[in-house]
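K.L.:
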Amino acid sequence: GELAVAGILAVPYVHWATKEQMKPGREPLGRYYQRMGTAALALDAEFAALHFQECLRWYPFPDCRMGWGQWLLQQGRAEEAIPELEAAVSGYSQAPGDVMGALYLSLGQAYLTVGRTEEGLAHVREAAARAPPGSALRQESEKLLNARGGP
């Protein structure tokens, strides 16, 4: 009866409702979860984690991997962060210098945290090289390099 018709109609609706909407003015779900996870990083770690996990589920693009890696690093899980951050580095082909600089800085911090000093310093140097002069990213990279014994 009516329930059977509703069930039949629900199948295409569920498919439509759960797929990424790529129409102009609509944000794909993966991008939404990445953006919300990034916004939540400073406010609520668990809320940010949920968003990054959803982002990776819907569309594991480099932004999601970078955010998830940074979240893992903030939680003291540097060993787990490294493969995510490495995947983000290899996934970006034409990212702006500040984005790549932030990514290299996070990767450097992760390597330093797990005791892989040479790799960590190399990534922090790369972050400093990509950051605009005088930027907060450049200052943070140089501060970390100076604390570790020079450029």
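Under full-length UniProt numbering, think of the first position of the sequence shown as 1, with each following residue one higher.
Ideal placement from N, C-alpha and C gives every residue a C-beta, glycine not left out.
So, helix, strand or coil for R77, using DSSP?
P.N.:
Residue state, collapsed to three classes: coil.
K.L.:
Pairing CB atoms from the region 51 to 71 with CB atoms from the region 83 to 100, are three or more of them under 8 Å?
P.N.:
The region 51 to 71 vs the region 83 to 100: in contact.
K.L.:
CA-CA distance, L73 and N146?
P.N.:
Approximately 21 Å, taken between the alpha carbons.
K.L.:
CB A78 to CB T117, shorter than 8 Å?
P.N.:
For A78 and T117, no; Cβs fall outside 8 Å.
K.L.:
Whose C-beta lies closer than 7 Å to the C-beta of L105 among residues of the same chain, with five residues either side of it excluded?
P.N.:
Taken in chain order, the residues that qualify are V124, A127, L137, E140, S141.
K.L.:
Under 8 Å between the Cβ atoms of Q71 and A102?
P.N.:
According to the sequence displayed, residue 71 carries Trp and not Gln. Contact flag unset, no.
K.L.:
In terms of residue numbering, what span does the alpha helix (DSSP H) encompassing R106 cover?
P.N.:
It is Ser, not Arg, that sits at residue 106 in the sequence shown. That run of the alpha helix (DSSP H) goes 97 to 113.
K.L.:
According to DSSP, is F47 helix, strand or coil?
P.N.:
If DSSP states are grouped into helix, strand and coil, F47 belongs with the helices.
K.L.:
May I ask you to report which of helix, strand or coil DSSP gives F61?
P.N.:
It is coil, neither helix nor strand.
K.L.:
Distance check for K143 and P83, CA to CA, integer angstroms please.
P.N.:
Near 25 Å, if we compare the C-alpha coordinates of K143 and P83.
K.L.:
Alpha helix (DSSP H) containing A128: first to last residue?
P.N.:
Element bounds for A128: 117 to 130.
K.L.:
Tell me where the alpha helix (DSSP H) around R138 begins and ends.
P.N.:
136 to 147 is the span of the alpha helix (DSSP H), which, as asked, contains R138.
K.L.:
Consult DSSP for P133 and reduce its assignment to one of helix, strand or coil.
P.N.:
Looking at P133 - three-state DSSP - the assignment turns out to be coil, as it is neither helix nor strand.
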